[in-house]
Amino acid sequence: MLQRDFFNRDPEIVAKALLGKTLVRKIGNKTLKAKIVETEAYYDDSDPASRACKGGDLRETMSMDAGTILVYGVHNNWLINFVTGKEGSAQAVLLRALEPLNFSERCNGPGLLTKALKIGKELHKKDVCECNELWLEDSGEKIEIASSHRIGVKKDLAKNLRFFAKGNKCTSR
DNA sequence: CGCCAGATTGACT
DNA sequence: GTCAATCTGGCGG
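Heads up: the first sequence begins at 46 in the working numbering, then just goes up one per residue.
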């Protein structure tokens, strides 16, 4: 299981390191497992794409400890992020796509994966390092990483902050 | 409380 | 490729 030190780094590093890791979601007596195949890094005020940096509760959540789960609602979908960096830095990594390991719902999109794993506001602000409903495991798998500009973001930075497993078919469009 | 933007998706040209 | 439905949070009145 991944500990806080894993998240306590630059979001770009965490986004890359997250690829290939196993996301475990426990619902009652069911356990769903999926491999992370696509992520995006988000920064603080210097990042115009992040609505979460505009203020309010989301900004506050992004400034919390690394490893905090941040659930963000847009266009009737929930998007899940993990807070990264040191406390107060307001940085996060967005999960964009997963490869299902022991179930078959499509997870090739940020809104789809939250739906498949039944992730909602209940997990907002929970600590992924100490949560018994959602956590991450190191699969030990090495992934070939590719990068691109972020998707769906209107005001993107001039930097490639989207990372995905090269050749994997479960990435978003 | 109303208005608006937005890190989306699915259907359609 | 384009388009609009649909919901939540932020902000102004």
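We put the beta carbon where it would ideally sit given N, CA and C, even for glycine.
Check your understanding: Roughly how many angstroms lie between the CA atoms of Thr67 and Cys98, to the nearest whole one?
Key -> 28 Å
Check your understanding: When burial is assigned at 16 or more other CB atoms within 10 Å of the CB, is Glu83 buried or exposed?
Key -> Buried: at least 16 other Cβ atoms inside 10 Å.
Point to revise | Presumed contact (8 Å Cβ cut-off) between Leu143 and Ala79, rounded CB distance | key: So it is a contact: roughly 4 Å between Cβ atoms.
Exercise for review: Would you kindly report the start and end of the unbroken alpha helix (DSSP H) that includes Ala60?
Suggested key: Pro56 to Leu63
Practice item. Return the Cβ separation of Pro219 and Leu202 in integer angstroms, given the expectation that the two are a contact with Cβ distance under 8 Å. Key: Outside the shown range of the chain (46 to 218) lies residue 219, about which nothing can therefore be said.
Review point. Any idea if Ser108 is buried or exposed, counting beta-carbon neighbours within 10 angstroms, 16 or more meaning buried?
Key: buried
Exercise for review: Find the nearest neighbour of Gln136 within the set Leu64, Lys199 and Pro93, judged by alpha-carbon distance.
Suggested key: Pro93
**Study point:** Cβ contact (3+ pairs, closer than 8 Å) linking the stretch 172-180 and the stretch 115-123
**Key:** no
Point to revise | Close-in-space but distant-in-sequence residues of the same chain around Leu38 (CB under 7 Å, 5 per side omitted) | key: Nothing about residue 38 can be read from this structure; the chain reaches only from 46 to 218.
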